[in-house]
Every structure is written in C-alpha cells, then in structure tokens.
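Protein chains in written order, with the numbering used here: chain A, 1 to 334; chain Z, 1 to 338; chain E, 1 to 390.
Even for Gly, the Cβ is constructed at its ideal location relative to N, Cα and C.
Below is one structure, written out as structure tokens, with a few remarks after it.
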Amino acid sequence: MTTTDILYQIRDLVVEYNTRAGVLTAVDHVSFDIHRGEVLGLVGESGCGKSTLGKALMRMIQEPGRITGGELWFDGVDLMQLSPGEMRKLRGSRISMIFQDPMTSLNPVQRVVEHITETIRVHEPHVSIKAARARAAELVDRLGINRNRLDDYPHQLSGGMRQRVMISLALALRADLVIADEATTSLDVIVEAQFLDLLKELREEFNLTILLITHSIGLVAELADRVAVMYAGRMAELADIHELFEQPQHPYTRGLLRAVPNIRLEDDELYKMPGSPPDLVSPPSGCRFHPRCPEASEICSRQAPTFHEHRPGHFINCWLYQEQEESVSLEASS
Amino acid sequence: MSPALRRYILVRVLLTIPMVLILVSLVFLVLRVLPGDPALAILREGASEEQLASFRAALGLDKPLHVQYVEFIKGVLRFDFGSSMTRKIPVTQEIKTFFPATVELALASMFVTGVVGVFSGAFAAQHRKSAADYTIRILSILLYSLPIFWLGLMLQMTLGKGAGWFPVSNRLSPGMTPDKIITGMYTVDALLTGNWPLFKDAAWHLILPSITLGLVLAGIFTRLTRANMLDILEQDFITAGRARGLRERTLVYRHGLRNAFIPIVTLLGLQFALLLAGAILTETTFSWPGMGRLVVDRIYDRDFTTVQGAILFFALLVAGISLFVDILYGFLDPRIRY
Amino acid sequence: MAEIQTPSSTVEAEKIGLLGRFWRGRIWYGTEWYITTLGGLILIAMILMTIFAPWLAPFDPNAFIGAQFTPPGWGKQTLLARSGEAPDISLDNLAGVMIGVQRNRNGANLAKELHAQGKRYQTQEDLLAALLDGEVDLIFVDQKLTEEILAHYEGLEIVAEGLGRNYPLGTDNLGRDIVSRLIWGARTVLGVALTSALFSSVIGITLGLISGFVSGVLDRVLSLVMDSIYSFPGLLLAIAMVVMLGPGLINVAIAVSVIYVPTFFRVVRGQVFSIKEELYVEAARSLGAKPLTILTRYIFPNVIPSVVVVFSLNVADAILTEAGLSFVGLGLPPDVPDWGYDLSKGQSFLVAGQWWPITFPGIMITLVAAGFSLLGEGLSEILNPRLVKG
C-alpha cells in the first residue's frame, strides 16, 4: 500500500478533558489510517471516545478538553502544526462533518439557503451571493430536495430533509473526507434506509472518503469497507469488514458482535457482556478491558498491550495475539 | 402575515385585557383601599374636617368602594384621569407635556444599554472563563449595584461640574426653545425642523442622564446577554457551523446573537419596568422634566389627581409595552411566524 | 481497580474541618467560589458593623457635633499665639479664656465646648489680623492649615496642637459626623432590606408553592397577577404605597416587599412544576402520600437553594429601592440615619464643591448591594447552575 492511498494518518492521538474529578483521557494514544475512497466504520459503546475522536480529527475539541499529544497527517500535512486560521479554512472545505441531530445542527433563525451560501462564501470569498445560490440550488437538486424549499427555515422541513441539508452542507465544497457522527441515530428506519442509499450513491459520484462513527453494527455492515472498534478511549481492533465479522479476534469485538441481534441465530440467546464501561478518570490498569474480559490473564491487569498489525491489514490490541517480551517498555500505561 | 402569526397576535391582544384590568385594580388598591386616607395623606394632619370632607367629595372618595372602583375603571377606559388639583388642567394634558421627555431619555438610555450590555455580554460569553469574562461579570454586578441617582451625581461632579464638559440639568440651555413641538422629543424635533444648534444643545443635555441610566441597566443586560449567549453557544448548530469552517466571530455575533436576540427582546420588555423606575430617579437627579419628575413634584405639591393619573398612565404604558414586545417577538422568531 | 481508586480529595475532606473544607471549595468551584466569598466577606463586615454600631461609631449620628462641611480628615485645631507672648494658661482648663475663632469652623465649636470665650471672625485674614493686632491673644486655626499660616505670617507661635476631634470622612451640612452616620445607617438599610425580603419571601414562596402544586385556574390567575405586578415599575409602586401609608421603617419595608413577591413566586412556581414531575415525587404520590406531605417533605426542600439565591439578589435590589425612596424624599423620618436620605440632602451642596457628604453614602450603598449580588450570583452557579441562565 503506497502512501498516496492514505488520506489521513492518525498517530498516538491523545485527547484529555479537565473535569472536577480529575483529568479524563477520552482518546488514549490512538493510531490508525484512513484510506482514500474508503468508508471506515468506527464503532464502540457510547462514551468510548469515538465522537471525541471524530471531533479531534477536525481539531474541534473545545474547552475543557484538549488534544495533548499525537500527530494528525492529513494528505501530507500535519494538522497539529497549522495555525487556528489555517485549520479553520480546512474545515468544511476538505474535511466536513455530518451531525447526529439535523434539527439542532441547523440554525433555527437562518434559512436553508443561507447555511449553504455562507459555507461556500467563507471558503471561496470571491463567489457572489448569486453564484453561491445557484450552486446551492444545484446541490440540493442533486440531493433530492425541491429547490423551492431553499428559502424555508429548518423547522419547516422534515427530519429526512434536514439530514439531506446537512449532507449538502458537508458536500458543498467537495470535501475529501466526510465524518458522519451518528448521522442516522435520530432518523426513523425508513428514512435511515433512504439516507444510506443516498450516501452510497454520493460516495461513487463524489469519490468520498467517509468516517462513519456509529454504535450500530448494522449500519457499519451495510456501508463500511473496514471497521475500527474502540473501547474506553483506545483502539481494540481494526480490520477489513469481512475479516472482522467472520473472524473477530479481540475478546471485546467478539462480545460486541455476539450482542447484536441476529435473525439467523433465532434460538441462540442474545449475549450480554458482563460489567460496564470503565470510568475514564481512573481507568483500570493494564488493558482497560481486562475486568470484563473472559480471557484475561495475569499480565492483562499489569500492562497494556500495544495496537499492532497481527496479520496484514488486521490490527489488534490484545495480549492473546502478542508476545509478552515484545513490548515491555513500549507503553507506559496509566 | 401568516395565519399563525395573526392568531398569535390576537391571543396576545386578548391577554393584555386582563393585564390592564389587574394593573388598574392594583393602582386602585394602593391608592384607595390601603389603610391611609388619601385626603389625610394629601392635606396632612391639621386639616379641618370640612377641608377633608370637601376634598373627599371632590374626588368621589366619600362613595362606597365598589362605586369608586367602577368610576375608576370607567375613567381609565375613557382615558380620563380627571383634572390636576394644582394646575386646573386635565391630567392627560400634563402627561402629554411631560411624557415625551421620559420617552427621549428612555430611548437614549436603551441605546446605551443595548450597545454596552449586548456587546460586553456577547464578548464575555465568547471568551467564557477568561480574565475578560470575569472582569466583565464583576463590573456588571458593580454597575447594577450602583444607586442610579448616585452615579448621576458622581457623573455631574466629575464630567459635568468638574470637567465642565456636559450640562448637568434640564433639557436645553437657558434661552433655547424648540421652534415647534412635533414629537416632544427635542432631539427628534430639532432634526425634523432642521434646527442644528437646537439638536446639538438637546443632545448635549441628554448625554449624562442617558449614560447614567443606560450604564446601570447595562449591568443587568450584560448578565442576561451573557447567560443567553452561553446557552446558545453550547448548541449543536454552533458546533456544526464551526465544522463548516465559519469564523468564531461569525458564529458568535451572527449566529449566536441572532438567536440570543429573541430571548433578549423578551427580557427587554420585562426589564422595561426597571427602565421606567430608573428614569424616575434619573429625572430627579438631572432635573429632567419627565414623568418621574411629574410624580415626585406633584407628591410634594399634594396634587393627588395628577399623581394618581400619572401612576395609572404608567400602568397602561407597561401593558402596552409588554404587548408590543410580544408582537415583536412574533416577528423575530420564524418559528412563530409560520 | 475502580473501587479502590476513590478520588483522593473526598477522602481528605473527611479529615479536615468545616473551614478547611470551605477553603478547599475554591479548587472545586473556581471563580464562583471567589465571587461568593467576596460577597460573603463584604456582608459579614456590614453585619458586624450593624451589630457593633454603638461601639464602633465615634459619635452620635444625629448630633450637630462639628462645624458644617468639615472636609474629610479635618477637625483638629491648633492654638496659636504671637511669638513669645503666649499667655500663661493651662490647657486643661480654658474656661473663660478669650480665643479668637473663625465663624462656622471647628474652632468655634471647640471654643464653645471648652467653655472658652470665643470671639468670632468672618474670614481667616480677619482672624489673623486680630491676633497680630493684639485684639486677641490666642486663636484656633485648623491644624491642616497651620503650616500654611506659619509660612504666610511671621511672629506666630504654636501653643498647642491636635486639639478637638478629627472627622475622618468629614461632616455633613449640619455638622454631623459622616463616619457615625454611615455606621448607624447600615442598621437602617440592612434592617429595611432584610425585613422586606423576609416579608416578600414568605408570601412569594407560599403563593408559589400553592400555585405550582394546585395548578389549574388558580395558578393562571395568580400568575397573571404576579406578572402584572412584576411588569410595573417597582419604585413607582413603592412610592405610591409610602405616600399612602406614610413614612416609617415598617411602612417602607412593606412597600418595598410588595415589589419582590413576584420574583419569589415565579422561581418557586417554576421549580415546583419541574420537581412535581420527578420520579421520586411520582413514587411518593403513588404510595399514597398526602398532598401536604408531598409539598412540605418533597417539594419545599428542593426549592430552598433557588430561594436562597433569589433572596440574596432581592435584598440587593431592595437596598437600592429603599435608597431611591429616601432619595425622592419619601422614605424614613429624618431622625433615622439613612444613606439614601443623606444622599438626597447632600446633592444640593455638590454645586459648591462639597463632595464628601454624597460620595461616601453612595459607596456604602454600592458596596452592600454588590455584596448581596455577588453572594447571590456566586451561590446560584454553585447551588444550581441552571437558575441564572434563566
């Protein structure tokens, strides 16, 4: 795999929040790549840090949070070295985001068209309002919104339409990478299906790279090429979708997949993972999953394993697949 | 106008009716029912029985309370507040003379409040938890802890008497008279008639009183704006806007303020009472011949009917303002408009 | 393991005392803690001043004790004589001794108090001329002016210095000591403001609890009435009531309290509405708890934090309203030391440059009002972060 195939390289990313109870490490030394043109699913329980990771990729962590370490190489540029102004110019034009709730993500007192023209003109100041409007109309046409609705206010649109507006905002400047953060959670099943179809179409047409952040395994199975599994602020496993679903290696991934209702296994009882996600202010020592892990051994509570490539393209963060001597001093766990 | 907006306005108008009734009844309650005889309050001890009786008869105070109440309401409905006991002219005439000065002061102060309060509040919210935020917060608390009249006196002492930059009383310099009374607000009238020297003089006199009143209210407004802006800046559409690469300035002052503006306008309506109360004190401090001065002066003159009429006028004014603000709200918020 | 790693701060909090725990609060609450503490300290100082007024105040606040408009820091006198011609007198007993004084200056008052025979002169020049001409053998001059006078006139000698009283903040138009009036005035202001806030809180809380709990028609009517009162300019309402009720501490307190009933009502009613829907209240209801029990046991304790905040903020406002009433001349009888009254009396002398009778009472009003505001603001963030945001 050549470097040109990699759009975004994330290395040792750390995001911390200062809370009254202490420092919370929401994203803890996370490293992975996003390939050009792929759909990468990012799954995990709520609170595992996947949304924070998504925001961190756009350097949009707000106080009291902070990116305290790591490198973000986007298309050959380390975003951590950019000035806030340069970073702002990148947002919306090269990396854009679709949010969970399209109702609250649109300014209630601003017309739909103003959202789009404003986005176009902040990145391309020379474009006239009229030209921006024309582009907006073209865009919403393509997304299946009647251009008569452009002058509507967000509350006048249906949930599905609002989500299309959100997509049109993300695509307004042909962003290379679209981060969809729980983008379908607030939609009902039928609208979600339409949304997925649209996303698939757009992916071909716009040659999109998508980071699909979700807690829904079903959504990932539907859309993703590769899947990353996150647990308690760390990467647990990352692999090709077929490989991950057919041969999950990390005990957490296995538990997660067994907990998904499956029509084919009707007489199998649904698996419930014991325990609950840890408190990230004072996380368990060693591997953070060890208190819940059915296969934990003595070393797991003592030392954290590293996220390494077990097989080509298959990364795992677990002692079961790692020689103990290999990484004794590589990682100092909290 | 959409049907929804029309219905909204109609409901607001209807809701104003009980409010007016309650306010007028409140005034009646205070001036007629409360222990304390208006006749005695006005004429003071030492007045003879005949004097008291004729005073009561003249005002209808000798009639049973329910009869008084009906007459009271009738008078208000006809916008007839009786005639002044000291000036022998209708009270409405008096109000017409004094009210424009209060409006002029109130509008100028609202301008100061709006500019200072909204911007410092938005700025504090934008830089939440920074040194600037805390400074603005403490300063705003200090500002609205200032007795308005004292701030007025201090400004008179320093910028007025001390530096000699501003006049400290009245609306115009001696010798200046408006050519023509149109609105009764001298600055506006001067502009309408194109009388530049008059405008300069009137505006000059307006500066200290409006800064006094405006600054104290700006303290409250900074706080309200900051709180509302904080709520709004936490909302998803601000984050979404940031993700689209919009500038922080655009997010705070265009998206944020435009949304915060709606609750702020409502609060402005609610705080209008504060503005009027403040105006009474400001007018007393700066010898500004407005409604506040009218009330205070006529209390000294023992002019019961004028005091009563002026207070009733305030009650109607307050109801009118709250209706106006509600309707304005309807026009500002697209969620009501459609 | 999670259960072992209890945050260390809570463990230590058990070992330290109440004051220590309070001191630790600054880390937890940050700036809000400082705001609250600042407000609290101002108020503690004020309350101590109120309690110990008789011991703290140097003079009777109503006594015409000095010359009118003694500037701050003035009052002490110097006794001057011609050089080498100082009469042989005992400073302990000046009775009957002839001393030249300037009219309306503290020297005149001092001579009278010492039973000396004061001979009055209109101006300082007249006074000094009289001494140098031998008309009198001794004169009182302000200590602050002594140096200047000695530089100007030759052949003078200081007989005694530092006689009489010092007025740190000066005296007012009637020669009353401003410090003493400030200290006693705190009693009046805090008394009226706290009494009125107490009245309005009792009425407002009760009506708010009932209105929020019963809801329906009663609630709608009460809310409308309260909103109407709230929208009316409070000061005007207070003015009207004081005009009718007449001056006096209790009357002013009643008049002021009416203004603030709606704020208590609104906050309490709003809280009751939201608490009513809480699961534990629902649970109590389904278990057959009586409405009164629910109201007093479950709902009332929950509104206390917001009531504390509103109380503090309202006292601040009541202080300003009371001062406003006094300022327009409608507050308290003239023999009650009151900051607002002093301000209204002092304003006409501002023209002549006598700034001290109005500056200091104004600072006191601001300080006390700010103290209550700071306390209320800080507490509202600490007790209930949503309240201030509306």
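Residue i at chain Z interface by Cβ criterion, 7 Å
{"i": "residue 17 of chain A", "result": "no"}
{"i": "residue 311 of chain E", "result": "no"}
{"i": "residue 314 of chain A", "result": "no"}
{"i": "residue 8 of chain A", "result": "no"}
{"i": "residue 388 of chain E", "result": "Any reading at residue 388 of chain E must be qualified, since the residue scores a pLDDT of 38, below 50, and its modelled position is unreliable; no value is offered."}
{"i": "residue 197 of chain E", "result": "no"}
{"i": "residue 333 of chain A", "result": "Unreliable placement is indicated for residue 333 of chain A, whose pLDDT of 42 sits below 50; the coordinate value is still reported in the next sentence. No, because no Cβ of chain Z sits closer than 7 Å to the Cβ of residue 333 of chain A."}
{"i": "residue 303 of chain E", "result": "no"}
{"i": "residue 149 of chain A", "result": "no"}
{"i": "residue 385 of chain E", "result": "Unreliable positioning characterises residue 385 of chain E in this predicted model, as indicated by a pLDDT of 49, which lies under 50. The coordinate reading is nonetheless provided below. No, residue 385 of chain E lies away from the interface with chain Z (no Cβ there is under 7 Å from its Cβ)."}
Beta-carbon proximity of residue i to residue j, cut-off 7 Å
{"i": "residue 338 of chain E", "j": "residue 195 of chain E", "result": "no"}
{"i": "residue 222 of chain Z", "j": "residue 109 of chain Z", "result": "no"}
{"i": "residue 207 of chain Z", "j": "residue 192 of chain Z", "result": "no"}
{"i": "residue 13 of chain A", "j": "residue 27 of chain A", "result": "yes"}
{"i": "residue 282 of chain Z", "j": "residue 224 of chain Z", "result": "no"}
{"i": "residue 187 of chain A", "j": "residue 159 of chain A", "result": "yes"}
{"i": "residue 91 of chain Z", "j": "residue 305 of chain Z", "result": "yes"}
{"i": "residue 68 of chain E", "j": "residue 175 of chain E", "result": "yes"}
{"i": "residue 268 of chain E", "j": "residue 209 of chain E", "result": "yes"}
{"i": "residue 235 of chain A", "j": "residue 317 of chain A", "result": "yes"}
{"i": "residue 223 of chain E", "j": "residue 264 of chain E", "result": "no"}
{"i": "residue 133 of chain Z", "j": "residue 124 of chain Z", "result": "yes"}
{"i": "residue 160 of chain E", "j": "residue 91 of chain E", "result": "yes"}
{"i": "residue 178 of chain A", "j": "residue 223 of chain A", "result": "no"}
{"i": "residue 98 of chain Z", "j": "residue 291 of chain Z", "result": "yes"}
{"i": "residue 190 of chain E", "j": "residue 141 of chain E", "result": "no"}
{"i": "residue 50 of chain A", "j": "residue 213 of chain A", "result": "yes"}
{"i": "residue 39 of chain E", "j": "residue 374 of chain E", "result": "yes"}
{"i": "residue 180 of chain E", "j": "residue 64 of chain E", "result": "no"}
Residue i versus the options, residue with shortest Cα-Cα distance
{"i": "residue 172 of chain Z", "options": "Z:286, Z:33, Z:314, Z:248", "result": "Z:286"}
{"i": "residue 279 of chain A", "options": "A:175, A:243, A:219, A:21", "result": "A:21"}
{"i": "residue 87 of chain Z", "options": "Z:302, Z:330, Z:336, Z:134", "result": "Z:302"}
{"i": "residue 300 of chain Z", "options": "E:342, E:259, E:240, E:356", "result": "E:240"}
{"i": "residue 279 of chain E", "options": "E:126, E:298, E:359, E:324", "result": "E:298"}
{"i": "residue 80 of chain A", "options": "A:58, A:286, A:238, A:93", "result": "A:58"}
{"i": "residue 140 of chain Z", "options": "E:382, E:381, E:377", "result": "E:377"}
{"i": "residue 64 of chain A", "options": "Z:128, Z:57, Z:96", "result": "Z:128"}
{"i": "residue 61 of chain Z", "options": "Z:47, Z:83, Z:33, Z:178", "result": "Z:33"}
Test: residue i CB closer than 7 Å to a CB of chain A
{"i": "residue 172 of chain Z", "result": "no"}
{"i": "residue 255 of chain Z", "result": "yes"}
Delimiting residues of the alpha helix (DSSP H) encompassing residue i
{"i": "residue 140 of chain E", "result": "Looking at the DSSP string, residue 140 of chain E is not in any alpha helix (DSSP H); the run it does join, the beta strand (DSSP E), is 139-142."}
{"i": "residue 310 of chain Z", "result": "304-332"}
{"i": "residue 60 of chain A", "result": "Segment: none, residue 60 of chain A is in no alpha helix (DSSP H) and carries neither H nor E."}
Range of the contiguous beta strand (DSSP E) that encloses residue i
{"i": "residue 97 of chain A", "result": "95-98"}
{"i": "residue 9 of chain A", "result": "6-19"}
{"i": "residue 119 of chain E", "result": "117-121"}
{"i": "residue 22 of chain A", "result": "22-35"}
{"i": "residue 237 of chain A", "result": "234-240"}
{"i": "residue 161 of chain E", "result": "156-163"}
Residue i CB to nearest heavy atom of the ligand SAM below 6 Å
{"i": "residue 112 of chain A", "result": "With respect to the ligand SAM, the structure shown offers nothing to examine, as it has no ligands at all."}
One or two residues paired with residue i in a DSSP bridge
{"i": "residue 65 of chain A", "result": "A:17"}
{"i": "residue 178 of chain A", "result": "A:96, A:210"}
{"i": "residue 52 of chain E", "result": "Answer by DSSP bridge pairing: none, since residue 52 of chain E is not bridged."}
{"i": "residue 71 of chain A", "result": "A:11"}
{"i": "residue 315 of chain A", "result": "A:238, A:309"}
{"i": "residue 83 of chain E", "result": "In DSSP, residue 83 of chain E forms no bridge with anything."}
Cβ of residue i within 7 Å of any chain E Cβ
{"i": "residue 333 of chain Z", "result": "no"}
{"i": "residue 165 of chain Z", "result": "no"}
{"i": "residue 329 of chain Z", "result": "no"}
7 Å Cβ cut-off: residues of chain C touching residue i
{"i": "residue 71 of chain E", "result": "Looking at the structure shown, chain C is missing, and the protein chains on hand are A, Z and E."}
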